[in-house]
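Numbering (the numbering used here), first residue to last: 25 to 518.
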């Protein structure tokens with residue numbers, strides 16, 4: 025493909041992307057394809073001769089689009105919000121047009137320095153303390169791929185820091201702390217590094233938040249059995265319920281354990297810190313006071329296209345001490361002089377994408393107020409949905425709503441008293457009906473043995489009409505699920 029052929033194909037691609045978004049609301053949220061559909065449709069080997077690009081582009085429309093789940097659909101209420109803005113698309117386009125691997129400053133100075141700029145901008149947007157800024161000369165931020173990879177980075181950094189502080193420590197005695205509601209990233213980090221991962225229990229009456237007393241008891245128990253807890257992954261906005269761990273209590277306990285690294289995983293909910301009115305709920309003061317590191321994904325609810333997981337640390341030396349590998353062929357005079365940041369020493373890989381460009385495009389285009397208004401709109405729509413659940417005699421909240429997430433379930437009233445097991449069975453039936461639909465998507469979870477359903481708002485095109493339509497569907501499917509359950513159990517349920 026020459027330059028002019030690329031220009032023509034590029035115009036067509038932009039036109040088709042625009043058409044996709046014009047028609048997005050009319051598409052099903054979930055594709056109707058069956059497993060193996062694409063494997064059967066495409067050849068089992070690449071073509072011997074190159075094909076005309078027009079045919080390739082048409083096959084994207086023919087084969088790929090029908091197999092996509094549309095996370096940007098206004099009736100997508102599953103998992104978490106995921107960003108896909110036109111600014112982000114253009115940022116990705118520009119960044120891939122130059123394909124800089126960005127492993128050190130000299131590889132492309134703009135890649136490194138723009139990342140430093142947008143990480144400081146983003147820290148200020150969220151209200152993070154000055155010690156997390158590159159301009160502090162000690163801390164700073166770096167863009168990772170996902171919260172899971174980010175966790176690997178902080179775990180290895182925390183491990184190396186702990187081993188330096190306690191040189192007599194045996195690797196097999198190390199322990200990672202998470203909670204029973206922490207994302208799977210903590211367990212995966214333990215698997216990758218061969219380190220025990222202990223999930224601390226949380227209770228429904230605490231809204232599934234980790235309390236300081238629980239942490240204190242666990243530390244005392246592990247010390248008695250010769251274990252060395254070296255990192256706690258606490259959460260602002262757990263995946264299942266949106267729980268926010270009690271960082272104030274955790275921080276007070278950690279004062280007696282100065283070698284315990286406290287990482288705050290705020291993957292989807294951290295962007296709420298952009299809004300001053302939510303900073304107390306999200307415990308910004310405690311984050312700034314006690315967190316060793318903090319991470320949030322702008323590619324979830326932060327308007328930046330995947331991937332853009334933002335990590336800040338109080339002391340960048342913790343990262344470079346653990347991850348600095350500089351063979352002769354990667355040395356530069358600027359790096360040797362210590363006058364630049366080489367981001368390869370801040371994460372697991374060597375090469376890296378020019379992700380900061382799309383963050384820059386988004387923050388400049390939306391501005392602080394535009395970013396805040398988008399977050400506020402998602403929370404407002406979720407509050408509307410939660411109000412519908414509260415007013416219904418057939419549904420109930422399982423835990424208080426958290427920002428843009430509501431966790432609920434069917435709880436029909438009547439002469440039949442449901443056992444916990446029956447309610448779980450009923451709601452599994454209810455969710456099975458929902459998940460068989462293609463015009464809406466929600467996800468399930470289990471909270472301390474309670475099967476329930478998550479409703480997450482955040483798609484940029486979701487409006488109240490889409491929430492109201494979702495509620496109508498939930499009521500209809502709920503009524504059918506109750507009748508199915510009644511027939512199966514032979515109970516009288518109105």
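Beta carbons: idealized from backbone N, C-alpha and C, even for Gly.
Just reading off the beta strand (DSSP E) that residue 220 is part of, what are its end residues?
-> Secondary structure note for residue 220: its beta strand (DSSP E) is the uninterrupted segment 220–224.
Kindly list the residues whose CB is nearer than 7 angstroms to the CB of residue 160, restricted to its own chain and excluding five residues on each side of it in sequence; keep chain order.
-> 154
For residue 332, which three-state DSSP category applies?
-> coil
Would you tell me roughly how many angstroms separate the C-alpha atoms of residue 156 and residue 507, rounded to the nearest one?
-> 55 angstroms
Measuring CA to CA, which of 282, 377, 475 is closest to residue 333?
-> 377
DSSP three-state call for residue 252: helix, strand or coil?
-> strand
For residue 272, count neighbouring Cβ atoms within 10 angstroms of its own Cβ and tell me buried if that reaches 16, exposed if not.
-> exposed
With DSSP as the reference, please indicate the residues paired to residue 463 in a beta bridge.
-> Its beta-bridge partners do not exist; DSSP assigns none.
Measure how close the beta-carbons of residue 343 and residue 390 come, nearest whole angstrom, since I'm counting them as under 8 angstroms.
-> The pair is not a contact, with the Cβ atoms about 29 angstroms apart (cut-off 8 angstroms).
Residue 311: buried (16+ other C-beta within 10 angstroms of its C-beta) or exposed?
-> Buried, since its Cβ has 16 or more Cβ neighbours within 10 Å.
At what residues does the beta strand (DSSP E) containing residue 426 begin and finish?
-> Per DSSP, residue 426 belongs to the beta strand (DSSP E) from 419–426.
What residue range is occupied by the uninterrupted beta strand (DSSP E) comprising residue 129?
-> First-last for residue 129: undefined, no H or E at that position.
Buried versus exposed call for residue 122 [16 or more other C-beta atoms within 10 Å across all chains shown] | exposed
Contact the segment 179–198 vs the segment 273–291: 3+ CB pairs below 8 angstroms | yes
Is DSSP giving residue 476 helix, strand or coil here?
-> strand
Could I get the ranges of all uninterrupted alpha helix (DSSP H) runs contained in the segment 293–354, with 4 residues as the minimum, in chain order?
-> 308–314, 322–325, 340–347
Alpha-carbon spacing of residue 138 relative to residue 383, whole angstroms | 10 angstroms
Could you tell me which of 132, 128, 107 sits nearest to residue 520, measuring between CA atoms?
-> Not covered by the structure: residue 520. The range shown for the chain is 25 to 518.
Per DSSP, what kind of secondary structure is residue 395 in: helix, strand or coil?
-> Correct three-state label for residue 395: helix.
With a floor of 4 residues, list each alpha helix (DSSP H) that falls wholly inside the segment 29–94, ordered by position along the chain.
-> The qualifying runs are 61–65, 77–83.
List the DSSP bridge partners of residue 289.
-> The partner list for residue 289 (beta bridge, DSSP) reads 259, 319.
Could you give the distance in angstroms between the alpha-carbon of residue 47 and the alpha-carbon of residue 128?
-> 42 angstroms
Apart from the five residues just before and just after residue 374, which ones in its own chain have a Cβ nearer than 6 angstroms to its Cβ?
-> Answer for residue 374: 127, 368, listed in chain order.
Helix, strand or coil at residue 186 according to DSSP, with G and I counted as helix | If DSSP states are grouped into helix, strand and coil, residue 186 belongs with the helices.
Quick one: Cα of residue 79 to Cα of residue 499, how far?
-> Residue 79 and residue 499 have their C-alpha atoms some 45 angstroms from each other.
Contacts around residue 235, its chain only, beta-carbon distance under 7 angstroms, and the 5 residues preceding and following it disregarded | 270, 273
Whose CA, out of 42, 503, 169, 462, lies closest to the CA of residue 54?
-> 462
Is it the case that the Cβ atoms of residue 195 and residue 257 are separated by a distance below 8 angstroms?
-> no
Could you tell me whether the segment 186–200 touches the segment 244–255, using the rule of 3 or more Cβ pairs below 8 angstroms?
-> yes
Residue closest to residue 259, alpha-carbon to alpha-carbon, out of 361, 415, 237, 232 | Of the listed residues, the one whose Cα sits closest to residue 259 is 232.
State the beta-bridge partners of residue 471 as determined by DSSP.
-> 474
Relative to the alpha-carbon of residue 214, which residue among 224, 225, 202 has its alpha-carbon at the smallest distance?
-> 202
Tell whether a beta-carbon distance below 8 angstroms holds between residue 313 and residue 275.
-> yes
Beta-carbon gap between residue 392 and residue 149 smaller than 8 angstroms | yes
Could you check if residue 241 is buried or exposed, using at least 16 other CB atoms within 10 Å of its CB as the buried criterion?
-> exposed
Nearest to residue 15 by CA position, among 30, 185, 501, 97, is which residue?
-> There is simply no residue 15 to check, as the chain begins at 25 and stops at 518 in what is shown.
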